[in-house]
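Okay, structure first, notes after.
Residue numbers (this note's numbering), protein chains in the order written: chain S, 1 to 155; chain G, 156 to 310; chain E, 311 to 465.
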């Protein structure tokens, strides 16, 4: 075994051990214009595939008329949130954005309001969540394919 | 010293050097239903214990009726924020969520509005903040124990 | 070549390979009180300089009257967002915060509403964005120098 062989072996260790990245893309095509999907199981699945024990997961919508949040999986609350968002960022005909031919000005505002991403902590190979925390994908302009990136980073 | 001994020594270096994670959990039990707590000192303390010089800190509420933000430590502003949140996401009797027996529908909406987490940059062993930035825990449904995770990641 | 020489060589690899951090500070001084600046090119430039292929970028305002978001680069929409923010978090004379001599209470609320930071995924040396995603700096109290930190982390 030459000195060079040792060096190569160690370099391989560097790739395997200290920091790993695992990226997955999900595609959602909702039946409705606005829809809210609990995607916690998909985030957990990506974490398992990554093999990462310590780190964090970025879950981020890749479109500008969708959001990602962490909150409760309770249907009544989801309906409350939907009504509340429509009140704070209502559909209107006269958004300036509609001069481009789009009709989804409110979808952009709703996305800004709830934010398009979350960072989830990972400890001992699990989502380090409190008892009721769930990751939701919030579609504000659906009925077409939209992507979400899940990037797991850690060791 | 055999070649194998060199390899083991190097592997240990891999654990110590490139990436560290330090996790701390805080518990808040506020006297009031809504309360805003400057937790910058606790975040700084976690950073010191981690020994991390370069990286970032995820500060994330583990409950779905609380928030974390970065803004000013000025009592008048805190009162303005509280009033503003109650206006945009008011307490109401008739949230659908209350059919579950809960009465905290507005607390969930307030949490969504301000977001439940922040990521703080770390440079040269310090929170890399501007002159007025402070980390706040925002309790929207208090008078019981609620947890916040601080996860420091870096080297 | 002694065994010690091998160890030193490997230690250097540890610094170079597994995790890199690159930090850049931008300063914006807008002509107007409220202004929205597409800073995607600056974020891409910081990523190139970092040489990082896999990881993420924290883009975070260092002031408490500014925001950072990811959304569309469409002037009509930007005007819609500005109008909408003024409606949800309006300028008022009577904010309690103004007793300090400040007049920017609404700027703080707008900052909370849109959030002061984003985390951008990096894959294969590029911002891993969907087709329309752009990073914006949102100035809510301008006409003076304000800083934004860009921290690239990865390998």
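Virtual Cβ for every residue (Gly too), placed ideally from N, Cα, C.
Since we're looking at a predicted model, the values are computed, not measured.
Taking the C-alpha atoms as reference points, what is the distance between residue 334 of chain E and residue 258 of chain G?
-> Residue mapping note: residue 334 of chain E aligns to position 24 of the third chain, counting from 1. Residue mapping note: residue 258 of chain G aligns to position 103 of the second chain, counting from 1. Those two C-alpha atoms are separated by around 46 Å.
Any beta-carbon of chain E closer than 8 Å to the one on residue 270 of chain G?
-> What you label residue 270 of chain G is simply residue 115 of the second chain in a count that begins at 1. It does; some Cβ of chain E falls within 8 Å.
Which residues in the same chain as residue 133 of chain S place their Cβ atom closer than 6 Å to its Cβ, once the five residues preceding and following it in sequence are excluded?
-> Start at 1 with the first residue of the first chain, and residue 133 of chain S comes out as number 133. 70.
Select from the region 275-296 of chain G all residues with a C-beta closer than 7 Å to any C-beta belonging to chain E, and list them in chain order.
-> Listed by position, the residues of the region 275-296 of chain G near chain E (Cβ gap below 7 Å) are 276, 278, 283, 284, 285, 287 and 288.
Can you tell which of G:209, G:252 and G:222 has its C-alpha closest to the C-alpha of residue 240 of chain G?
-> Locating residue 240 of chain G in the second chain gives position 85, where the first residue counts as 1. Measuring from the Cα of residue 240 of chain G, the nearest candidate turns out to be G:222.
Exposed or buried, what is residue 220 of chain G when buried is set at 16 or more other beta-carbons lying within 10 Å of its beta-carbon?
-> As a first step, residue 220 of chain G must be located in the second chain, where it is residue number 65. It is buried - the Cβ of residue 220 of chain G has at least 16 other Cβ atoms within 10 Å.
For residue 455 of chain E, name the three-state secondary structure that DSSP assigns.
-> Your numbering for residue 455 of chain E matches position 145 in the third chain. Residue 455 of chain E: coil per DSSP, three-state reduction.
Contacts around residue 38 of chain S, its chain only, beta-carbon distance under 7 Å, and the 5 residues preceding and following it disregarded | Translated into the one-based positions of the first chain, residue 38 of chain S becomes position 38. Here the set comprises 73, 134 and 136.
Do residue 95 of chain S and residue 50 of chain S have their CB atoms nearer than 8 Å?
-> For the purposes of this step, residue 95 of chain S is identified with residue 95 of the first chain, where counting begins at 1. For the purposes of this step, residue 50 of chain S is identified with residue 50 of the first chain, where counting begins at 1. Residue 95 of chain S is not a Cβ neighbour of residue 50 of chain S, given a cutoff of 8 Å.
The beta strand (DSSP E) with residue 175 of chain G in it runs from where to where?
-> Mapped onto the second chain, residue 175 of chain G falls at position 20. Where residue 175 of chain G is concerned, the enclosing beta strand (DSSP E) stretches over 175-183.
Could you tell me the distance, in whole angstroms, from the CA atom of residue 338 of chain E to the CA atom of residue 298 of chain G?
-> Here residue 338 of chain E corresponds to residue number 28 of the third chain, with the count starting at 1. Here residue 298 of chain G corresponds to residue number 143 of the second chain, with the count starting at 1. Their backbone Cα atoms lie some 42 Å apart in a straight line.
Could you tell me which chain C residues have their CB closer than 8 Å to the CB of residue 389 of chain E, listed as they occur along the chain?
-> In the structure shown, chain C cannot be found, because the protein chains are S, G and E.
Inspect the CB distances between the region 51-59 of chain S and the region 113-129 of chain S and report whether three or more fall short of 8 Å.
-> yes
So which residues of chain E does residue 144 of chain S contact, with C-beta pairs closer than 9 Å?
-> Stepping through the first chain from its first residue, residue 144 of chain S is reached at position 144. Here the premise fails: no neighbours, minimum Cβ distance about 12 Å.
By the criterion of Cβ-Cβ separation under 8 Å, what are the contact partners of residue 350 of chain G in chain S?
-> Outside the shown range of chain G (156 to 310) lies residue 350 of chain G, about which nothing can therefore be said.
Extent of the continuous beta strand (DSSP E) run through residue 132 of chain S | As a position in the first chain, residue 132 of chain S is number 132, starting the count at 1. Run containing residue 132 of chain S: none; DSSP gives neither H nor E here.
Under 8 Å Cβ-Cβ, which residues of chain S neighbour residue 384 of chain E?
-> Your numbering for residue 384 of chain E matches position 74 in the third chain. For a Cβ distance threshold of 8 Å, residue set 97 and 100 of chain S lies close to residue 384 of chain E, ordered along the chain.
Taking only beta-carbon atoms, is residue 105 of chain S less than 8 Å away from chain E?
-> On the first chain, residue 105 of chain S is found 105 positions in, with the first residue counted as 1. Taking Cβ atoms only, chain E reaches closer than 8 Å to residue 105 of chain S, which makes this a yes.
Does the beta-carbon of residue 271 of chain G have 16 or more other beta-carbons within 10 angstroms, so that it is buried, or is it exposed?
-> Numbered from 1 along the second chain, position 116 holds the residue referred to as residue 271 of chain G. Answer is buried; the Cβ neighbour count reaches 16.
Give the residues from the region 333-358 of chain E that approach chain S closer than 8 Å (Cβ to any Cβ), ordered along the chain.
-> none
Taking all protein chains shown into account, do 16 or more other C-beta atoms lie within 10 angstroms of the C-beta of residue 393 of chain E, making it buried, or fewer, making it exposed?
-> Mapped onto the third chain, residue 393 of chain E falls at position 83. By the neighbour-count rule (16 or more Cβ atoms within 10 Å), residue 393 of chain E is not buried but exposed.
If you drop the 5 nearest sequence neighbours on each side, which residues of the same chain put their C-beta closer than 6 Å to that of residue 340 of chain E?
-> Position 30 of the third chain, counting from 1, holds the residue named residue 340 of chain E. Cβ contact annotation for residue 340 of chain E (same chain, cutoff 6 Å, sequence separation greater than five): 449 and 452, in chain order.
Counting contacts by CB-CB distance shorter than 8 Å, is residue 8 of chain S in contact with chain E?
-> For the purposes of this step, residue 8 of chain S is taken as residue 8 along the first chain, with counting starting at 1. Bear in mind that the predicted position of residue 8 of chain S carries a pLDDT of just 34, short of 50, making it too unreliable to give a figure here.
Which residues in the same chain have their Cβ closer than 8 Å to the Cβ of residue 465 of chain E, if we skip the five residues on either side of it in sequence?
-> As a first step, residue 465 of chain E must be located in the third chain, where it is residue number 155. Its chain contains 327, 328, 329, 330, 362, 363, 364 and 365 as the residues whose beta carbon lies nearer than 8 Å to that of residue 465 of chain E, once the 5 sequence neighbours on both sides are disregarded; these appear in chain order.
Determine the contact status of residue 181 of chain G and residue 303 of chain G, defining contact as a CB-CB distance below 8 Å.
-> Counted from its first residue, the second chain places residue 181 of chain G at position 26. Counted from its first residue, the second chain places residue 303 of chain G at position 148. Yes. Within cutoff.
Following the continuous beta strand (DSSP E) through residue 365 of chain E, name the residue where it begins and the one where it ends.
-> Position 55 of the third chain holds residue 365 of chain E. That run of the beta strand (DSSP E) goes 365-371.
Could you tell me the distance, in whole angstroms, from the CA atom of residue 179 of chain S to the CA atom of residue 401 of chain E?
-> For residue 179 of chain S there is no data in the structure shown, the boundaries of chain S being 1 and 155.
Separation of residue 342 of chain E from residue 285 of chain G, as counted between CA atoms = Translated into the one-based positions of the second chain, residue 285 of chain G becomes position 130. Translated into the one-based positions of the third chain, residue 342 of chain E becomes position 32. Their backbone Cα atoms lie some 21 Å apart in a straight line.
Does residue 360 of chain E get closer than 8 Å to chain G when you measure Cβ to Cβ?
-> By 1-based counting over the third chain, the position of residue 360 of chain E is 50. No, residue 360 of chain E does not count as interfacial toward chain G.
Kindly say whether residue 155 of chain S, judged by its beta-carbon, lies nearer than 8 Å to any beta-carbon of chain G.
-> On the first chain, position 155 is the one that residue 155 of chain S refers to. Yes, residue 155 of chain S counts as interfacial toward chain G.
Grab the span of the beta strand (DSSP E) containing residue 123 of chain S for me, first residue to last.
-> Here residue 123 of chain S refers to the residue found at position 123 of the first chain. That run of the beta strand (DSSP E) goes 117-123.
So is residue 462 of chain E in contact with chain S if we call contact Cβ pairs under 8 Å?
-> Mapped onto the third chain, residue 462 of chain E falls at position 152. Chain S contact via Cβ: absent.
With DSSP as the reference, label residue 294 of chain G as helix, strand or coil.
-> As a first step, residue 294 of chain G must be located in the second chain, where it is residue number 139. In the structure shown, residue 294 of chain G sits in a strand (DSSP, three-state: E or B).
Among S:145, S:146 and S:127, which has the Cα closest to the Cα of residue 45 of chain S?
-> Working through the first chain from its first residue, we reach residue 45 of chain S at position 45. Considering only alpha carbons, the answer is S:127.
Could you tell me which residues DSSP puts in a beta bridge with residue 306 of chain G?
-> On the second chain, position 151 is the one that residue 306 of chain G refers to. G:178 and G:213.
Assigned secondary structure, residue 376 of chain E (DSSP; H/G/I helix, E/B strand, else coil) | Mapped onto the third chain, residue 376 of chain E falls at position 66. Three-state result, residue 376 of chain E: strand.
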